[in-house]
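*Asks:* Numbering (full-length UniProt numbering), first residue to last: 1 to 893.
Glycine residues also receive a C-beta, built at the ideal position from the N, C-alpha and C atoms.
On a predicted model such as this, the values are computed, not experimentally measured, just so you know.
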Amino acid sequence: MHELGVGNLTHFAMIGHLNGGNPRGVDSYQCVGCGASGFDSANALSRHVARSRNPSCAASISMATDRARERAIARLAEDRAAQQAIGQGQGHSSSASASIRSPAPEPIQPGEGSDRDEERALSPLDGLPQDVIFDDSPWMHEADEMDELDELDAEPDPVHPPSSSSSSSCAEDERDYDVERHPTPTNDAGLEEVRRSHSPARPVSPPDHVGDEDMDAEQEELPGLNGLDEGFLFRDPHVVHFGGRAGAPVTHPQDCAASRPFALYEAAMSEELSDDNAYAPFASAMEWHIARWAKQRGPSASSFNEFLSIKGVLDALRLSFKNTKELNKRIDSSLPGRPAFVCHALEVDGVRYELWLRDIMQCIRVLFGSPDWAADMLFAPERQYVDETQASRIYGDMNTGEWWWRLQRKLEGQRPGATIIPLILSSDKTQLTMFRNRSCYPLYLTIGNVPKAIRRKPTRQGQLLVGYLPVTRLSHIKKEETRRRAISNLFHTCLRAALAPTRKAASRGEQMSSGDGTVRRCHPVFAAYIGDYPEIVCVAGVKSGECPAGVVDPGSLGEHVPCTQRDLNAILRALSTLQRTGDPLAHVDACKAAGIKPIEDPFWKDLPYVNIYASFPPDILHQLYQGMVKHAIEWTNRSPTPYGIPHSMLGIGGLVASPTIDLSTPTKSRPSSRLPSAAAASKAYASSPALTRTTVSLEYASLRHTGHCPLGMYVIPSPTDLLVWDAVFFVHQGYYADSILKFRLIFPPNYPERPPTVQFVTDIFHPLISQQDGTFNLAPRFRPWRPKDHHVFDVLHFIKAAFKKHALDDIKDADCLNKEAYRLYHDTTSSFAALATQSSMLSQSASALFDRDHPSMAGKGPHAMQFRELKSEQLDTLRSRLGLHDWTESEVP
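Written out as structure tokens, the structure is:
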């Protein structure tokens with residue numbers, strides 16, 4: 001019930017309140033399911049519902065919760081209307097409430113401060129609002145609600161003035177990086193909508209009478225309770241839009257229908273297109289399709305040239321290009337492409353290095369104007385809630401966060417109609433094993449307007465390569481401390497050159513066209529930097545081993561201690577020491593006192609609206625998986641072995657697959673003298689009969705409960721041997737259509753180290769099936785067999801795919817166990833099809849289906865797979881059990 005703002009009250013407290021009970025403890029509680037009453041507390045009512053055998057008690061939870069939510073919404077609406085009518089919202093106060101709010105900012109007088117002062121940095125990774133209101137009432141106080149409404153009714157908050165430590169130096173001017181606690185748009189159009197939405201989630205304390213006994217009622221396993229808490233996952237969230245002119249287009253022709261998403265694009269291109277040829281610069285639609293096939297799906301350039309050189313091909317296709325060179329020239333000169341790379345020369349201590357960069361503004365235009373995701377672009381911020389009460393916030397894409405909302409509010413106060421483009425940079429030094437073990441340092445760019453579901457898919461190409469940073473250790477600098485400082489300065493110099501074109505556009509805006517042709521005034525603002533820990537440390541300018549974003553003792557790793565965010569204003573003052581004083585030693589001392597390295601000129605220092613220490617998203621791989629989970633596994637392996645539980649000598653990996661030693665390899669390539677004994681012990685444990693039976697049982701459980709078993713295929717373990725599975729396959733297509741094929745899966749004693757054996761019981765004419773013993777060759781798909789990657793469902797899917805027509809084309813002669821079937825298929829397909837059809841008809845015969853003398857398929861026991869002939873009476877009985885009563889004679893097989 002946290003969605004209603006009632007703190008720790010349970011669902012059953014709300015049920016009692018709806019039926020005469022009072023959460024504040026005045027009246028008794030009553031169950032809406034069975035009508036029982038007289039419960040003196042919510043805990044007593046919850047125990048009644050948990051122990052009751054009446055299903056209506058648990059079923060009434062959902063109905064009562066919906067009714068409680070409706071009453072809560074109605075009550076809040078009535079109270080707000082009453083307070084607005086009385087006009088006492090601003091002066092109303094409550095002695096039981098205590099508010100902690102930020103002080104009101106002082107307005108800036110016209111003409112005060114510089115442009116850099118007004119470009120106050122905002123944090124893109126801020127979470128919930130910082131304003132916290134403590135309330136001892138189970139309901140949201142009307143006084144606090146009206147206080148918020150009155151604040152929204154007031155004039156928009158002016159820009160905070162920057163605090164300055166010295167008025168004589170512009171470099172010492174501080175930028176206020178604290179964000180507003182109650183962000184609101186500064187235009188009247190979006191004010192009303194935000195007024196309805198401004199109910200930030202906040203902790204509310206429970207009423208005084210609710211003790212620990214009632215608090216424990218929430219933790220009980222109650223019927224029907226788990227589904228209620230997760231019901232919002234299956235409902236659309238309640239969305240509150242920013243409103244106003246946020247993300248509004250600059251140009252919108254009146255003749256373009258709003259229902260056509262690419263109408264503006266078509267209108268812009270109508271003047272350039274010709275009525276006779278819409279595929280220019282190609283001569284025809286066929287030529288365009290051929291060029292597209294040659295570049296995306298076709299062969300290599302030399303093969304395409306050979307194809308075009310065949311006599312009569314150019315005349316028959318009527319192509320205007322004769323070879324690949326002419327095609328490439330037409331594409332490069334006539335069709336729009338990606339921005340070109342430009343080489344920049346950098347010199348460090350007399351040595352020249354190359355920096356390859358693309359124009360980042362052109363890259364932003366490419367990402368922002370891509371038609372591939374034009375219909376999914378995000379242009380304005382919004383707030384999403386679980387329901388209409390707006391008590392529980394939902395964070396999804398980047399436009400649902402607080403950073404975008406607050407920055408939009410600031411830009412709307414300066415000049416309405418802004419569209420924010422959050423810039424997300426990422427880098428990772430990569431080893432190129434195919435180029436003599438060299439390295440490269442790519443820099444990638446994406447924008448927050450593209451939904452995360454598109455950005456995270458490499459096939460959608462939501463990331464764009466914007467440059468290659470120089471890879472060097474500056475080995476010509478002999479002094480280690482000087483070399484490390486030079487590497488950091490070189491890194492920041494490269495990023496400053498890459499982001500330099502965005503400074504002016506971030507402040508004043510620049511018109512850009514989206515994928516549907518709509519033009520907006522866009523502000524590309526640096527929002528986040530994604531990288532490994534070494535890159536983040538270099539970006540933040542801190543020492544290795546320290547937290548890049550906050551101030552915390554490195555020795556307290558693993559302890560629950562608060563981490564205070566770094567003071568950017570103090571860091572900027574320290575970085576300007578050299579410029580103000582001209583003393584390098586004073587600059588080093590000031591940076592050391594601020595907790596950073598003496599960087600000459602960080603790239604983020606002059607970027608508008610940037611707080612670099614709030615721009616580092618969490619690294620799931622390195623911080624959680626390799627940081628916490630890996631540490632937990634290592635700690636578990638080093639812990640004392642409990643009694644009765646075997647302790648693997650090679651860790652967890654030995655339980656999955658044990659390493660093998662190839663005696664034919666040279667002695668130097670073999671493991672050390674200590675490892676063979678450990679490997680042998682692990683292999684002996686992994687190949688034990690108990691573990692093999694457990695693995696086979698888990699494989700069968702996976703087929704039963706996960707739906708991995710292919711359609712038309714049924715398997716069941718033999719009642720006498722768990723390592724032998726009986727199976728039947730009903731083929732529905734291809735040369736073997738309507739076949740009923742029985743086969744066996746035989747698992748070796750050291751499974752999964754070795755693959756299972758597939759043996760067909762039904763005689764079938766197939767290239768991979770031996771005619772002597774029915775063995776099916778798995779080598780074409782599982783060469784080699786990998787125990788960690790291959791499972792039984794992979795084997796079953798390969799068996800099913802082998803009976804399709806296109807699969808027969810990929811079978812090689814060396815893999816065939818039936819050479820005659822392979823020869824007939826490739827020489828005389830009609831003869832092969834006839835024999836395949838004949839074997840399919842034989843598989844449906846009574847002698848093949850009802851052979852009770854077979855040792856496997858005629859197994860005994862209630863779980864054996866058997867085929868039996870049924871009389872008409874028996875068939876009717878089975879159909880009646882299945883609920884199939886409409887039986888006609890025409891349906892009898």
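Assuming the contact rule is C-beta atoms closer than 8 Å, residue 740 and residue 730 should be a hit. Round their C-beta distance to whole Å, please.
*Replies:* So it is a contact: roughly 6 Å between Cβ atoms.
*Asks:* To test your reading of the DSSP string, which unbroken beta strand (DSSP E) runs of 3 or more residues are found completely within the UniProt domain "UBC core" (691-845)?
*Replies:* Entirely contained in the UniProt domain "UBC core" (691-845), the beta strand (DSSP E) runs reaching 3 residues are, in chain order, 713-717, 724-730, 740-746, 757-760.
*Asks:* Return the Cβ separation of residue 470 and residue 346 in integer angstroms, given the expectation that the two are a contact with Cβ distance under 8 Å.
*Replies:* Contact flag correct, Cβ pair sits at about 7 Å.
*Asks:* Taking all protein chains shown into account, do 16 or more other C-beta atoms lie within 10 angstroms of the C-beta of residue 558, making it buried, or fewer, making it exposed?
*Replies:* Under this definition residue 558 is an exposed residue.
*Asks:* Checking 8 Å against the spacing of the C-beta atoms, do residue 237 and residue 408 come in under that value?
*Replies:* In this structure, residue 408 does not lie closer than 8 Å to residue 237 by Cβ.
*Asks:* Does residue 637 pass the burial test, meaning 16 or more other C-beta atoms within 10 Å, or should it be called exposed?
*Replies:* By the 10 Å Cβ count, residue 637 comes out exposed.
*Asks:* Could you have a look at residue 554 and say whether DSSP puts it in helix, strand or coil?
*Replies:* Helix at residue 554.
*Asks:* Let's see if you can read the secondary structure: which residues bound the alpha helix (DSSP H) around residue 411?
*Replies:* 402-414 is the span of the alpha helix (DSSP H), which, as asked, contains residue 411.
*Asks:* Could you give the first and the last residue of the continuous beta strand (DSSP E) run that contains residue 465?
*Replies:* Where residue 465 is concerned, the enclosing beta strand (DSSP E) stretches over 464-469.
*Asks:* Quick check on the burial criterion: 16 or more other C-beta atoms within 10 angstroms. Buried or exposed for residue 410?
*Replies:* Buried, because 16 or more other Cβ atoms sit within 10 Å of the Cβ of residue 410.
*Asks:* When we look at the beta-carbon of residue 736 and count the other beta-carbons within 10 Å, is it buried (16 or more) or exposed?
*Replies:* With 16 or more Cβ atoms within 10 Å of its Cβ, residue 736 is classed as buried.
*Asks:* Would you identify the three-state DSSP class for residue 598, choosing helix, strand or coil?
*Replies:* Note: residue 598 maps to coil in three-state DSSP.
*Asks:* Which residue marks the beginning of the alpha helix (DSSP H) containing residue 577, and which one marks its end?
*Replies:* Per DSSP, residue 577 belongs to the alpha helix (DSSP H) from 577-581.
*Asks:* Quick one: what's got a C-beta closer than 7 Å to residue 497's C-beta in the same chain, skipping five residues either side?
*Replies:* Answer for residue 497: 344, 355, 357, listed in chain order.
*Asks:* Under the three-state reduction of DSSP, which class applies to residue 74: helix, strand or coil?
*Replies:* Helix, per DSSP.
*Asks:* Measure the beta-carbon distance from residue 419 to residue 520 and round it to whole angstroms, keeping in mind my assumption that it falls under 8 Å.
*Replies:* Contact flag correct, Cβ pair sits at about 4 Å.
*Asks:* Give the C-beta separation of residue 821 and residue 767 to the nearest angstrom, bearing in mind that I take them to be a contact with Cβ-Cβ under 8 Å.
*Replies:* Going by Cβ atoms, the distance from residue 821 to residue 767 rounds to 4 Å, so yes, they are a contact pair.
*Asks:* Which stretch, first to last residue, makes up the beta strand (DSSP E) that contains residue 629?
*Replies:* Counting along the chain, residue 629 falls outside any beta strand (DSSP E), and DSSP gives it neither H nor E.
*Asks:* Taking the alpha-carbon positions, what's the residue 571 to residue 596 distance?
*Replies:* Distance between the alpha carbons of residue 571 and residue 596 is about 8 Å.
*Asks:* Give me, in chain order, the residues of the same chain whose beta-carbon lies closer than 8 Å to that of residue 790; leave out the 5 immediate sequence neighbours on both sides.
*Replies:* Once the five neighbours on either side are set aside, the close Cβ partners of residue 790 are 752, 755, 782.
*Asks:* Does the stretch 621-640 touch the stretch 511-526, meaning 3 or more C-beta pairs lie closer than 8 Å?
*Replies:* The stretch 511-526 vs the stretch 621-640: no contact.
*Asks:* Along the chain, where does the beta strand (DSSP E) that runs through residue 522 open and close?
*Replies:* Looking at the DSSP string, the run of the beta strand (DSSP E) that includes residue 522 is 519-530.
*Asks:* When you compare each of 531, 403, 629, 635 to residue 616 by their alpha carbons, which one comes out closest?
*Replies:* Closest option to residue 616, Cα to Cα, is 531.
*Asks:* Residue 590: buried (16+ other C-beta within 10 angstroms of its C-beta) or exposed?
*Replies:* By the neighbour-count rule (16 or more Cβ atoms within 10 Å), residue 590 is buried.
*Asks:* Judging by CA-CA distance, which residue of 723, 635, 843, 701 is the nearest neighbour of residue 765?
*Replies:* The residue with the shortest Cα to Cα distance from residue 765 is 843.
*Asks:* Between residue 340 and residue 516, which are expected to be in contact by the criterion C-beta below 8 Å, what is the C-beta distance as a whole number of angstroms?
*Replies:* Between residue 516 and residue 340 the Cβ distance is about 26 Å, and since that is not below 8 Å, they are no contact.
*Asks:* Using the Cβ count rule (16 or more neighbours within 10 Å means buried), how would you classify residue 587?
*Replies:* Per the 10 Å Cβ criterion, buried.
*Asks:* Rounding to the nearest angstrom, what Cα-Cα distance links residue 629 and residue 379 in this structure?
*Replies:* Distance between the alpha carbons of residue 629 and residue 379 is about 38 Å.
*Asks:* Fully enclosed by the stretch 294-382, which alpha helix (DSSP H) runs are 4 residues long or longer?
*Replies:* For the stretch 294-382, whole alpha helix (DSSP H) runs of length 4 or above, ordered along the chain, are 301-308, 313-317, 324-334, 360-368.
*Asks:* Could you tell me the distance, in whole angstroms, from the CA atom of residue 899 to the CA atom of residue 603?
*Replies:* Nothing about residue 899 can be read from this structure; the chain reaches only from 1 to 893.
*Asks:* Note down, in chain order, each residue of its chain lying with its Cβ closer than 6 Å to the Cβ of residue 466, except the 5 sequence neighbours on either side.
*Replies:* Answer for residue 466: 358, 360, 363, 443, 445, listed in chain order.
*Asks:* Work out the CA separation of residue 709 and residue 701 for me, nearest whole Å.
*Replies:* Cα to Cα, the separation comes out at about 11 Å.
*Asks:* Count the other C-beta atoms from every protein chain shown that fall within 10 angstroms of the C-beta of residue 110, then say buried if there are 16 or more, exposed otherwise.
*Replies:* At residue 110, the pLDDT of 35 sits below 50, so the modelled position is not reliable; the number obtained from the coordinates is stated separately. With fewer than 16 Cβ atoms within 10 Å of its Cβ, residue 110 is classed as exposed.
*Asks:* In chain order, what residues of the same chain lie with their CB nearer than 6 Å to the CB of residue 528, ignoring the 5 residues before and after it?
*Replies:* Answer for residue 528: 124, 424, 615, 617, listed in chain order.
*Asks:* Return the CA-CA distance between residue 421 and residue 235, expressed in angstroms with no decimal places.
*Replies:* Their backbone Cα atoms lie some 29 Å apart in a straight line.
*Asks:* In its own chain, which residues sit with a C-beta less than 8 Å from the C-beta of residue 312, not counting the 5 before and 5 after it?
*Replies:* For residue 312, where only same-chain residues beyond five positions count, there are no Cβ hits under 8 Å.
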